[in-house]
Structures are given as structure tokens and as C-alpha cells.
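What follows is a single structure, written as C-alpha cells, with notes after it.
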Amino acid sequence: MGEKKKKIVKSIKIDVDKCNGCRACEVICSAFHANPKYSSNNPERSRIRMVRDPIRDVYLPVYAGEYAAAECMGRGKYVIDGKEYDECGFCRASCPSRKLFKEPDSGLPLKCDMCEDDPAQEKPLCVQWCLNDALIYEEREEEVEEEEKLGEMEIGLGSMVDKYGLEKVMDTVARMSKKD
Amino acid sequence: MRYGETGFNLEIDLSRGNIERVETDPKLTELHLGGLGTNAKMLWDRVPADVDPFSPDNLLIFSTGLLGGTPAPGANRTIVSTYSPQTLLMGYSMMGGFWAPELKYAGYDKVIFRGKSPSLVYVWIHDDKVEIRDAGHLRGKGAVETQELIRRELNEPKAQVAAIGLAGENRVYTASIEQGRSSASRLGIGAVMGDKGIKAIAVRGTKDVNVARPAEFMKLCNEVMKYIQARGENPVPGVMPILAGLGSPQEMKLIDEEWHTTNFMWGNARTRRRDYWTKEVEEKWKETQENVRTRLISCYNCPMKCGATISVPGISAYMMKCFSKLTYTMAAFADLDFGFKIAQRATEYGVDGFSTPQVMAFAVELHEAGILTDKDFEGCPSDNEGKFYWLLDRIVRREGIGDVLANGTHWAAQQIGKGAEAYAHNNIKKHEQLPLKLGMLNPVYFLMYATGEKINITQIEGQFPQAPFPTMEEREDFCKDWIQIPDEKFKQYLLNWEMRGERSNPYYPTVDMSVDIVDWQEKMHYIDDALGVCAGLSSFPLKPPYHIHNYPAFISAATGIDIDEAGLTQVYNRNRTLVRAINVRRGLRRADEKPPEDHWKKRFPELEEKLLDAYYKFKGWNHEGIPTKEALHELGMDYVAEDLLQRGILTEDEGTPAKEALA
Chain A
137 MGEKKKKIVK SIKIDVDKCN GCRACEVICS AFHANPKYSS NNPERSRIRM
187 VRDPIRDVYL PVYAGEYAAA ECMGRGKYVI DGKEYDECGF CRASCPSRKL
237 FKEPDSGLPL KCDMCEDDPA QEKPLCVQWC LNDALIYEER EEEVEEEEKL
287 GEMEIGLGSM VDKYGLEKVM DTVARMSKKD
Chain B
11 MRYGETGFNL EIDLSRGNIE RVETDPKLTE LHLGGLGTNA KMLWDRVPAD
61 VDPFSPDNLL IFSTGLLGGT PAPGANRTIV STYSPQTLLM GYSMMGGFWA
111 PELKYAGYDK VIFRGKSPSL VYVWIHDDKV EIRDAGHLRG KGAVETQELI
161 RRELNEPKAQ VAAIGLAGEN RVYTASIEQG RSSASRLGIG AVMGDKGIKA
211 IAVRGTKDVN VARPAEFMKL CNEVMKYIQA RGENPVPGVM PILAGLGSPQ
261 EMKLIDEEWH TTNFMWGNAR TRRRDYWTKE VEEKWKETQE NVRTRLISCY
311 NCPMKCGATI SVPGISAYMM KCFSKLTYTM AAFADLDFGF KIAQRATEYG
361 VDGFSTPQVM AFAVELHEAG ILTDKDFEGC PSDNEGKFYW LLDRIVRREG
411 IGDVLANGTH WAAQQIGKGA EAYAHNNIKK HEQLPLKLGM LNPVYFLMYA
461 TGEKINITQI EGQFPQAPFP TMEEREDFCK DWIQIPDEKF KQYLLNWEMR
511 GERSNPYYPT VDMSVDIVDW QEKMHYIDDA LGVCAGLSSF PLKPPYHIHN
561 YPAFISAATG IDIDEAGLTQ VYNRNRTLVR AINVRRGLRR ADEKPPEDHW
611 KKRFPELEEK LLDAYYKFKG WNHEGIPTKE ALHELGMDYV AEDLLQRGIL
661 TEDEGTPAKE ALA
């Protein structure tokens with residue numbers, strides 16, 4: 137039973153209808169994350185990438201998310217309002233099935249960090265550079281219950297108890313302590 | 011490490027199938043910056059003066075700009091350079107879109123083609139891997155569909171593809187090179203690409219583009235972004251809506267086309283329709299445009315959304331921007347609906363949207379006049395729109411009369427004879443111009459039409475208002491925040507410019523003022539074309555974000571080459587004079603430098619002579635428009651002077667023997 141704590145949740149609203157496909161977001165994101173900062177740019181290193189197909193009118197910015205060690209067993213393809221999007225088009229993962237969201241030279245996964253910086257950026261750079269308001273930055277406060285922090289031993293034992301039941305665990309420990 | 015540029019060119023010899031990655035000389039970047047500047051240097055050095063545009067010895071150069079692929083907004087242009095089959099002079103044409111940045115990311119500043127491929131091929135550039143691949147299966151395919159086919163074939167959805175359609179394959183002199191929404195259209199460069207057997211060039215790049223002084227550079231970029239926003243909220247008052255903002259004229263967004271439809275000419279640059287734009291037309295066109303316009307779209311790293319995806323029901327989607335919306339409509343005396351439909355076919359064929367409609371209207375006029383016969387038009391539908399579709403289909407295939415028309419109005423008229431020359435009345439240096447016929451001579455525009463090496467007014471005009479503001483109040487208001495001027499004198503020129511009286515066209519702006527104004531406007535275009543920045547954020551609109559005062563800082567911060575306004579002006583002069591020298595070597599002389607006879611009703615031959623004299627003197631050229639030994643020396647181009655002297659084009663005493671103008 138933990139205390140109530142305030143947490144800032146950051147989100148970017150992506151208005152796909154407003155996107156004009158310029159990819160400025162890719163340029164500025166990769167430039168911001170270059171080391172030294174802004175010394176180079178390379179869309180392949182951008183944490184935001186566009187699925188862009190003007191003839192089909194597909195304009196879909198996607199942000200790099202979790203690293204996936206393995207491909208999904210099944211893939212999805214969306215058709216929305218008659219418009220067909222690419223397989224895995226909405227997925228944020230850095231995944232073995234594709235080159236997206238990986239550093240082109242090392243293959244290391246990329247992940248959006250909302251342009252964490254010191255001093256803090258007012259808004260992520262992609263949002264700052266999208267003059268067509270297709271990317272809108274929003275912050276909101278949420279109240280979350282802070283869970284008590286469990287130590288290593290408690291976590292380990294806890295899962296054993298979940299699996300085998302408290303009685304069996306206690307019996308096993310007792311048996312083990314009797315051995316020499 | 012190189013900054014801004016990659017420092018490498020791709021040299022492709024199509025005759026031998028040889029591909030090489032060649033390091034470039036950084037000194038050339040200092041002297042010419044890049045883009046058009048270094049293209050011109052390459053053409054001067056490597057293509058002899060007498061080479062036929064369809065010879066294997068002609069080069070076809072695809073270049074990025076020095077700032078291309080950096081975060082500078084709008085730095086996305088591809089600059090194509092070669093010898094033009096239509097004008098027989100140096101031809102250069104630009105396009106925006108996404109191709110040039112991708113080439114930079116692949117690690118190249120330019121792709122240079124020489125020779126000719128024995129069969130139709132396409133080139134696939136993927137970082138360090140470059141292949142020449144068979145394109146037999148793509149023969150005859152549209153320029154737009156080819157891009158998609160190649161992406162699928164290579165399984166590279168992010169590849170950027172520049173392609174020709176049927177027109178380029180058949181060496182039509184108005185053939186374009188298409189890429190996404192963008193088109194390098196003018197001066198027949200598509201024909202040279204087809205002549206060399208290149209169906210398309212696909213690029214995919216995953217490398218870094220570096221800048222030398224990042225913090226400084228980003229500060230400048232952010233200032234440009236802020237300015238674009240502020241400028242968008244403050245359109246220029248007192249000018250027509252499509253010229254009040256930034257970017258290309260926003261014809262995809264705006265419905266109001268009163269200016270174009272009532273001031274530009276319909277048919278074969280023939281008829282003015284002052285009463286055309288009625289409420290009815292406006293409503294009908296609003297409906298048409300909003301129905302077919304799927305989305306407003308931008309080029310790489312630019313917020314302007316000048317382009318649009320156009321989906322006419324029943325035909326495949328394509329993309330368009332700017333005046334192509336009206337050129338077919340007006341040439342055919344048709345409506346906007348027709349314009350959007352035929353433009354789809356024209357874009358797939360890959361033809362220029364300025365010359366081609368005029369060529370077709372020219373043919374229709376000749377038929378009406380009896381100079382072209384019913385036999386020439388055998389099989390042609392009798393309805394007006396059908397005629398234009400039929401002509402387009404014949405021209406791109408070089409079938410029947412199409413084979414004659416495919417060379418543009420100048421050469422077609424020569425071939426047809428029987429008085430046809432009088433109907434090819436809208437050319438400068440054999441190249442079709444905007445369909446515009448006006449009343450009173452404007453001295454600034456006279457000079458730009460006459461001397462512009464791009465031979466296209468939109469690629470030299472922009473920074474100075476096209477007409478005077480009626481009241482002093484409006485003029486002072488305009489001058490209040492005119493930070494882009496190189497010198498305060500330009501404000502004076504504008505403040506004193508009246509609609510009527512002594513200080514109005516044609517004698518005001520005065521000869522010297524006109525030269526100043528042309529030089530400024532031309533300077534900004536040449537700098538844009540070397541840096542690869544879109545004229546829509548720079549040389550073309552009034553009060554743009556890029557100008558002579560911040561450009562040097564951009565170049566210095568990007569490349570580490572410290573340059574100031576004077577230095578940048580020197581580079582511009584060098585590039586501009588070098589392009590002139592190339593054309594002079596091809597035969598260009600003063601006699602060629604004139605607008606179409608009927609461009610203005612009121613002409614002033616004496617004044618026009620004075621204007622040319624003053625412009626030539628200002629540039630350091632002699633009476634024939636040939637750069638003098640002194641001027642070339644000042645620009646560090648003694649090698650050019652030596653060459654011209656050897657040929658007898660220049661004599662030691664700066665005079666020039668009488669030479670015939672290029673026939």
C-alpha cells in the first residue's frame with residue numbers, strides 16, 4: 137500500500153492528416169542526437185521515421201520504441217477508411233525483421249527519449265520543427281500509487297510462492313536446512 | 011573530413027560500364043561552392059565547345075547543392091547540367107523533392123554520366139554499392155510508375171528515384187526528369203538522359219552529412235524557421251495572392267487565379283481574356299480543385315507545402331505544383347478539369363509543362379492557318395480536348411507530325427517552313443517562354459529576359475517588386491522591414507518608382523538602377539543554385555528568409571570555409587561569368603540576347619541597346635557580351651581568357667571580331 141505520487145506523462149499527438157511528408161522531423165531528430173550535438177544528421181539515425189507513399193496518400197510518422205529480440209509470430213496490416221497501410225507500419229519496435237530504428241553502422245537499437253536534455257528542451261525537437269502542427273507535444277500529470285520497493289530476496293521468493301504455493305516453499309526450505 | 015559536401019563524386023561511363031568514386035578538390039568548393047557552380051566548371055573543363063548534345067562526349071551531371079542534406083530548411087535541390095539539344099547552349103534545370111539529399115546521404119555530391127549505354131538501363135546507388143541494371147522491362151513505362159516499379163523491384167521503399175518517361179526515351183526536346191512531386195523540366199535535359207540510355211537513377215543513402223560549426227549552424231536554421239512562421243502570418247500587402255507568401259506560387263492551395271487567367275495569354279501565347287475570371291468560374295474551379303486535391307505536400311525538410319497529390323477519379327494519382335495547373339488549360343482554351351486530367355498523362359510521359367502546351371497550341375494554330383494540313387492531322391479527333399490529347403500522344407512518340415513538333419516550336423517552324431516561323435513567336439534563344447504578352451516595356455525585365463542564361467524568367471526574377479506600388483504610403487510600408495536588400499539604394503529605387511510620369515516604365519528604374527536590380531536578383535538565384543537551396547525560400551519570393559546577409563554565415567558554419575558578403579559576391583560573379591563563357595564558346599552573342607519581338611507592345615530599341623551596354627559593362631563583358639580578359643583575371647579565370655583568346659573569340663585588345671550569332 138503505497139503513497140500517491142504525481143508523475144509527468146509526456147506524449148506526442150501525431151495528426152496524420154496534417155503531415156505533408158517533408159521529413160524535417162527525421163533531419164532534426166538525428167541532428168539533435170548526433171555526438172557532438174548537431175554536428176551531423178542522418179535520417180537512418182532518427183528516432184522518428186516516416187512511412188511515406190504519396191501516390192497512396194500514406195503519411196505516417198512513427199516513433200522508435202522498444203527493442204524486440206524476436207519477430208512477432210503474426211503480422212498485421214491495417215486498412216483504415218479504405219487506405220491500406222504497410223505490414224508492421226504502425227509498429228514502433230526495433231526488430232530483427234527490419235532495418236528501421238537501428239543505427240546504420242552498428243545495428244544498435246534506437247529509442248525515442250523525448251529529447252531528454254540538460255537544460256531541458258521545451259519540447260522535443262521534432263515537434264519544434266514541424267511547422268504544420270502534425271506533431272503536438274502534450275504533458276499531463278497523473279497520480280500513481282507508488283508501490284513499495286521490494287528487495288531481491290522478496291522478489292525471488294515471491295515468484296516461487298506464486299508458482300508452488302507458500303506451504304511447499306516452506307517445506308522445501310525446512311528440508312534444505314536439515315541437510316548437512 | 012569534409013563539411014556540407016561529401017567530397018566525392020560518382021563518375022559513370024555508360025559506354026564502358028565503368029563506375030568510379032572520385033574524391034573532389036576542396037579548392038573548387040572555395041571557388042565555386044557547389045551545385046551549378048561546380049557543374050559549370052566541370053562542363054567548361056571536360057566538354058569541348060563543339061560537342062553535340064547527343065554525343066557520347068556530352069556530360070549529364072546530377073548535382074546536390076553545398077547545403078543539401080544539412081538541416082538548412084529547403085536545402086534539397088538537384089541541379090542537372092548538360093548541353094541542351096534545343097538551345098545548343100549549356101542547359102541547366104533544377105528540381106526539389108527528395109533525390110539530392112538522398113544522394114548526399116549515400117556519400118556523393120554529384121553523379122556524372124558520360125558516354126552512352128548500348129541498351130536501356132537504370133542506375134542503383136546504395137551507399138558504396140553502385141550498379142548499372144537492365145531497364146528493358148521499364149521501356150515505355152511512365153515516369154511516375156517507373157519510380158514505384160523500381161522501388162518494388164529493389165525492395166527499397168525508401169529509395170528516391172529520378173526517371174524519364176516515354177518522352178525522354180524518344181529524345182523529345184521538351185522531355186523532363188521526374189522524381190516524386192518534382193520535375194527538372196526545361197531545356198531538354200530529359201532528352202539527353204534518354205539519349206544516354208538512362209531510364210532512371212535510384213538512390214538510397216544511410217550515411218551522415220556533417221557540418222563544421224554545429225551550434226552556429228543550428229542557430230541560423232532556427233532563425234530561418236522562426237522567420238518562415240512570422241512571414242507566413244504577414245503576407246506582403248498590395249501584390250497578388252499567389253506572390254504574397256513564401257514558396258512557389260501557392261496555386262495548389264489557392265483558388266484565386268484571376269491574375270494568371272486575365273494577364274497571361276491563352277492558346278499559343280496569343281489571346282488575352284481580360285473578363286475571364288468570373289464568380290461562376292471561381293466557384294466551378296473551386297469545386298474541381300478541391301475534389302482532386304488529396305493533400306498538400308512538401309519537399310525535403312521544407313514546411314511550405316507548395317505541391318499537391320492529385321487524384322482525378324478514374325486515373326492514377328500524380329503530383330503537381332505551381333503554374334502547370336494552368337498551362338495546359340490555357341493553351342487549349344479549356345477548363346481546369348481538362349488541365350488536371352491531361353497533366354496526369356503529361357507527367358507520366360515526362361514532359362515540361364511550359365513548352366509542351368505551347369507546342370501543341372502552336373500546332374493547332376498552324377493547322378487552322380492551313381500551314382499544317384489535314385494529312386498531318388490524320389486520325390486526330392475533331393473535339394478541342396481530343397486534339398490536345400492526340401498531339402501529346404504523337405509528340406512523345408515522335409510519330410508523324412509529332413516527330414517535327416517534338417523539337418519545340420523553333421526547330422519545328424524551321425522544318426515546316428511555309429511561314430510557320432511567324433507562329434513560333436514566344437521563344438528566347440530557341441526556348442519557349444511563359445505565355446505572357448504585355449504593354450509597356452519594363453527595363454528590369456527586358457534585361458532579365460535578354461541575358462538570363464537559364465532562359466526562364468522565373469529563375470532570375472524575384473527580389474524586387476514586379477510593378478510599382480501606387481502610393482508612397484504603401485512603398486514606405488514595404489521598405490520598413492526590407493532587411494534583404496544588399497544596399498539602402500534599393501529602397502530609394504522603389505520609393506521613387508511611380509505608375510505614371512517621368513519615374514515610371516520604361517525610363518524608370520533608370521538604366522543603372524535596372525542593372526543593379528537585375529544583378530541583385532540574379533545573384534540570389536546563382537547562390538541558391540550553388541547551395542542547393544530552393545528559390546521558394548530565397549531568390550523567388552519577396553522578403554525571403556535566406557538573403558545576402560545570412561547566406562555567408564550559413565556557408566561558413568556549414569563548411570568551415572569563412573566567407574563574407576564580398577567573398578560570396580565574388581563567387582557568384584565567378585559562377586555567373588563562367589556560365590556566360592561556356593555559352594559564348596558555344597556561339598552565344600549579343601544578337602541572341604533579346605525577348606520575343608511581341609513580348610511588349612511598346613518597345614524602345616535605343617533604350618534597349620543602352621540597357622544591354624550598361625549590363626555588359628557592369629559584368630565586365632565587351633560589347634558582344636563576351637567576358638573580357640581583365641574581368642576573367644579578376645575572377646581568377648585566366649584559363650578561360652586564354653581559351654577564348656586562342657579561339658579568336660577575344661582579341662588581345664578586348665575587341666571582338668565580327669562573328670555570326672548562333673544560327
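Heads up: the sequence lines are chains A and B, in that order.
Everything in the first sequence is counted per the working numbering, starting at 137 for the first residue and increasing by one.
Everything in the second sequence is counted per the working numbering, starting at 11 for the first residue and increasing by one.
The beta-carbon is built from N, C-alpha and C at its ideal position, and this holds for glycine as well.
- Following the DSSP letters along the chain, one finds B:Asn49 inside the alpha helix (DSSP H) bounded by residues Gly45 to Arg56.
- Contact between the stretch 176-189 of chain B and the stretch 394-414 of chain B is present, with at least three C-beta pairs closer than 8 Å.
- Residues of the stretch 154-173 of chain A that bring their beta carbon within less than 7 Å of a beta carbon in chain B comprise Asn156, Gly157, Cys158, Arg159, Ala160, Val163, Ile164, Ala167, Pro172 and Lys173, in sequence order.
- The beta carbon of B:Asp218 falls within 8 Å of a beta carbon belonging to chain A, placing the residue at that interface.
- Within the DSSP bridge table, the entry for B:Gln170 names B:Val213 as partners.
- Excluding sequence positions up to five before and after B:Asn437, its CB lies within less than 7 Å of the CB of Thr419, His420, Gln443 and Pro606, all in the same chain and listed in chain order.
- Here the alpha carbons of B:Trp287 and B:Glu267 stand approximately 8 Å from one another.
- For the stretch 244-273 of chain A, the beta-carbon criterion of a distance under 9 Å to any beta-carbon of chain B is satisfied by Gln264, Trp265, Cys266, Leu267 and Asn268.
- Relative to the Cα of B:Ala327, the nearest Cα in the group B:Lys296, B:Ile252, B:Phe333 and B:Val154 belongs to B:Val154.
- Within the model, the alpha-carbon separation for B:Thr80 versus B:Met370 is close to 41 Å.
- The stretch 235-250 of chain A makes contact with the stretch 170-187 of chain A: 3 or more CB pairs, one atom from each, lie closer than 8 Å.
- For B:Met100, the secondary structure class from DSSP, reduced to helix, strand or coil, is strand.
- Neighbours of B:Pro259 in chain A, taken as residues at a C-beta separation under 9 Å, are lacking, since the least C-beta distance is about 17 Å.
- Listed along chain B are Thr304, Arg305, Thr319, Ser321 and Ala327, each with a C-beta nearer than 9 Å to that of A:Asp193.
- Taking 9 Å as the cut-off between beta carbons, the residues of the stretch 232-245 of chain B near chain A are Asn232, Met235, Ile238, Gln239 and Gly242, in sequence order.
- Residues of chain A whose Cβ lies closer than 8 Å to the Cβ of B:Val291 do not exist; the shortest such Cβ separation is about 28 Å.
- By the Cβ neighbour-count rule, A:Leu302 is exposed, with fewer than 16 other Cβ atoms within 10 Å of its own.
- The secondary-structure analysis by DSSP pairs B:Phe72 across a beta bridge with B:Val90 and B:Val121.
- Boundaries around B:Leu306 are those of the beta strand (DSSP E), Arg303 to Ile307, since no alpha helix (DSSP H) includes it.
- A Cβ-Cβ contact shorter than 8 Å links B:Tyr310 with A:Arg159.
- Contact annotation: B:Lys620 and B:Val521 have beta-carbon atoms nearer than 8 Å.
- The three-state reading of DSSP puts A:His169 in coil, since its state is none of H, G, I, E or B.
- Put simply, of B:Ala50, B:Ile29 and B:Gly107 the residue whose alpha carbon is nearest the alpha carbon of B:Trp134 is B:Ile29.
- Of the residues B:Ala342, B:Phe398 and B:Met329, the one whose Cα lies closest to the Cα of B:Gly106 is B:Met329.
- DSSP places B:Trp400 outside any beta strand (DSSP E); the residue lies instead in the alpha helix (DSSP H), whose first and last residues are Asn394 to Arg407.
- Under the three-state reduction of DSSP, A:Pro245 is assigned to strand.
- B:Lys315 is a Cβ neighbour of B:Leu306, given a cutoff of 8 Å.
- Membership of B:Ser365 in the alpha helix (DSSP H) is indicated by the continuous run Ser365 to Glu378.
- Relative to B:Pro224, the option among B:Lys120, B:Arg600, B:Ser566 and B:Gly45 whose CA is nearest is B:Ser566.
- For B:Gly152, not one C-beta of chain A is nearer than 8 Å to its own C-beta.
- Distance check between B:Tyr115 and each of B:Ile325, B:Leu98, B:Val121 and B:Asp137 places B:Asp137 closest, using alpha-carbon atoms only.
- Rounded to whole angstroms, the gap between the alpha carbons of B:Glu498 and B:Gln531 is 15 Å.
- By the 16-neighbour rule on beta-carbons within 10 angstroms, B:Pro478 is buried.
- In the structure shown, A:Ser295 adopts helical secondary structure according to DSSP, grouped into three states.
- Residue environment: A:Val280 is assigned as exposed (fewer than 16 neighbouring CB atoms within 10 Å of its CB, all protein chains considered).
- Considered as a whole, the stretch 458-527 of chain B harbours 482-490 and 499-505 as its complete alpha helix (DSSP H) runs of no fewer than 4 residues, in chain order.
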